[in-house]
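In the working numbering, the protein residues as written are 20 to 505. Data first, discussion second: the structure below is written as structure tokens.
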């Protein structure tokens with residue numbers, strides 16, 4: 020039989036085409052099966068025309084069409100693995116029938132897709148039917164019709180089958196040409212599977228991609244220590260324990276548990292709190308604020324203004340004066356808010372100390388270590404402590420006095436002293452692991468016993484360490500840094 024090219028091909032050249040005359044084996048033409056991932060987006064199009072006949076009123080039988088598709092896919096999907104079943108295809112064809120309305124006055128010719136999951140179970144389907152706009156009287160005078168799916172978003176990993184079909188029982192010549200599929204793949208940067216306590220397996224990281232720091236439970240992994248930052252403490256997935264004792268262990272009736280345990284040894288059904296602490300303050304007549312409490316488990320660094328009712332209870336007014344420099348700026352080593360500490364929004368004492376004495380002064384490690392305690396030059400927290408105690412303040416209330424940073428955050432005098440320590444260590448080319456070991460060794464030396472510095476101290480030192488890294492990379496170095504963030 021001679022078929023005129025101008026009837027068949029839209030582009031005028033040779034074409035991949037289906038010319039089906041209604042036989043079961045000829046129902047399916049061009050077929051493409053693709054492996055797809057959740058989030059992928061596909062678009063697909065094909066041009067078609069048909070030689071017009073008068074009656075197109077047929078009923079589609081899914082079984083021969085399914086068999087035809089299976090014949091096209093003999094050996095299975097993608098290299099012959101995991102052969103697809105006729106049930107999966109027939110379910111897909113049933114889904115096709117339900118995915119739209121087929122017009123019996125037009126040829127039963129379609130552009131289709133069937134989406135299967137990774138186990139080849141039906142997920143979704145769709146079709147576009149050829150219309151009378153594609154009719155040709157056999158002379159080639161007709162116009163090809165564009166059938167297209169502009170956007171197919173993949174809901175889960177699996178496979179998509181895209182194919183053309185002519186399901187007409189009556190003799191109908193249908194020609195498809197210029198099939199095009201665009202597959203926009205979701206870019207996988209990193210994937211990790213975790214054991215319950217956080218060890219990884221089946222990990223994947225794309226080459227040359229930026230490191231992803233937030234991993235297990237969304238926590239930041241410290242590369243140098245290989246510990247996760249949980250806010251209140253650092254967690255070691257290798258042993259399933261925190262590196263320091265729970266600062267609230269004395270207050271939570273946990274006598275039967277070690278202070279280092281994680282999720283009560285049940286990470287499948289329990290999670291540990293973040294340790295992030297919000298602070299409650301009351302406003303004073305002179306514009307300062309006094310710390311009266313805080314929430315140790317609410318995941319919030321904001322400093323809230325509260326008022327006291329007739330019963331003596333505090334309620335938040337809705338006003339927020341800002342955020343603290345670290346999650347522990349106004350909390351002691353025991354995890355409790357330092358009540359009575361005063362925050363002065365007009366004071367830049369801490370920022371001035373960092374800018375003038377640490378960054379501009381640029382002390383070396385020995386100089387700093389010899390003058391960082393006992394009220395010496397770099398011991399900001401204890402400056403004028405005798406006068407404060409004489410006025411009725413406790414030592415901690417004075418050490419946790421608050422001032423504002425250049426970017427509007429609030430830190431305690433103890434914060435700023437520890438930030439200075441972190442800057443000095445980093446600028447003198449210590450890494451974070453070495454910095455932690457040095458600080459803990461110094462703390463142990465001063466106390467006469469093996470000790471690890473508390474979380475308020477560690478968090479502030481880490482802020483300073485990051486500032487020091489930035490200064491070290493800057494040839495000028497001695498500039499005011501205003502990025503006081505964890």
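Even for Gly, the Cβ is constructed at its ideal location relative to N, Cα and C. Just so you know, these numbers come straight off a predicted model, no measurement behind them.
In angstroms, rounded to a whole number, what distance separates the CA positions of residue i and residue j?
i: residue 233; j: residue 239; result: 4 Å
i: residue 49; j: residue 136; result: 22 Å
i: residue 323; j: residue 414; result: 24 Å
i: residue 377; j: residue 427; result: 20 Å
i: residue 485; j: residue 348; result: 17 Å
i: residue 338; j: residue 355; result: 22 Å
i: residue 483; j: residue 313; result: 24 Å
i: residue 269; j: residue 237; result: No answer about residue 269 holds up, because its pLDDT of 47 lies below 50 and its placement is not dependable.
i: residue 305; j: residue 363; result: 9 Å
i: residue 246; j: residue 451; result: 12 Å
i: residue 411; j: residue 422; result: 20 Å
i: residue 281; j: residue 217; result: 11 Å
i: residue 148; j: residue 287; result: 50 Å
i: residue 139; j: residue 182; result: 17 Å
i: residue 144; j: residue 134; result: 6 Å
i: residue 307; j: residue 207; result: 50 Å
i: residue 409; j: residue 303; result: 21 Å
i: residue 56; j: residue 231; result: 21 Å
i: residue 404; j: residue 249; result: 33 Å
i: residue 194; j: residue 188; result: 16 Å
Could you pull out every residue in the same chain whose Cβ sits closer than 7 Å to the Cβ of residue i, ignoring the five residues on either side in sequence?
i: residue 151; result: 125
i: residue 311; result: 299, 300, 301, 325, 333 and 358
i: residue 279; result: 260, 261 and 264
i: residue 219; result: 211, 212 and 213
Spatial neighbours of residue i within its chain, please: C-beta separation below 6 Å, excluding the five flanking residues on both sides.
i: residue 479; result: 345, 434, 437 and 438
i: residue 392; result: 398
i: residue 366; result: 422
i: residue 470; result: 462 and 463
i: residue 371; result: none
What whole-angstrom Cβ distance do residue i and residue j have, given they're in contact under 8 Å?
i: residue 153; j: residue 164; result: 4 Å
i: residue 71; j: residue 196; result: Not really, about 18 Å apart at Cβ, beyond 8 Å.
i: residue 180; j: residue 132; result: 6 Å
i: residue 369; j: residue 440; result: Contact doesn't hold; Cβ gap of about 13 Å is too wide.
i: residue 352; j: residue 320; result: Going by Cβ atoms, the distance from residue 352 to residue 320 rounds to 18 Å, so no, they are not a contact pair.
Using CA atoms only, rank isn't needed, just tell me which of the options is closest to residue i.
i: residue 158; options: 490, 55, 68 and 457; result: 68
i: residue 222; options: 216, 209 and 214; result: 209
i: residue 204; options: 211, 230 and 176; result: 176
i: residue 252; options: 409, 475 and 144; result: 475
i: residue 429; options: 403, 455, 361 and 473; result: 361
i: residue 54; options: 454, 405 and 202; result: 202
i: residue 242; options: 453, 458 and 417; result: 453
i: residue 425; options: 329, 374, 56 and 481; result: 374
i: residue 379; options: 442, 51, 472 and 417; result: 442
Could you pull out every residue in the same chain whose Cβ sits closer than 8 Å to the Cβ of residue i, ignoring the five residues on either side in sequence?
i: residue 396; result: 376 and 390
i: residue 491; result: 445, 446 and 448
Under 8 Å: does the beta carbon of residue i sit that close to some heavy atom of the ligand PLP?
i: residue 50; result: Among the components modelled here there is no ligand, and therefore nothing to report on the ligand PLP.
Less than 9 Å between CB atoms is the rule here; does residue i satisfy it with respect to chain C?
i: residue 139; result: In the structure shown, chain C does not exist; there is a single protein chain.
*asked:* Check whether the segment 327-340 and the segment 372-390 are in contact - that is, three or more C-beta pairs closer than 8 Å.
replied: no
Below 8 Å, can you find three or more Cβ-Cβ pairs linking the segment 52-72 to the segment 168-181?
yes
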